[in-house]
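I have placed the structure first, in the form of structure tokens, so that the comments after it can refer back to it.
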Amino acid sequence: MKNLTKQYDIANKKAKEFMKNGQISQYFEALLEMNRYKKLMTIVVSN
């Protein structure tokens, strides 16, 4: 679980950087990555 939260935080930081730099496609990819980690965290918590 700690590993997933670290990866989620890293993806969040990447998304913020991409948004600041105006890199829209990379920003959306980072958001999708964040969504994937969030889903995995909810699966781990529910089990």
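For reference, each letter of the sequence shown is one residue, going 75 to 121 in the numbering used here. For each residue, glycine too, the CB sits at the ideal point set by N, CA and C.
- For Q81, the enclosing alpha helix (DSSP H) begins and ends at 76-95.
- When DSSP states are grouped into helix, strand and coil, N121 belongs to the coil group.
- In terms of CA proximity to A89, E107 leads the group T116, K112, Y111, E107.
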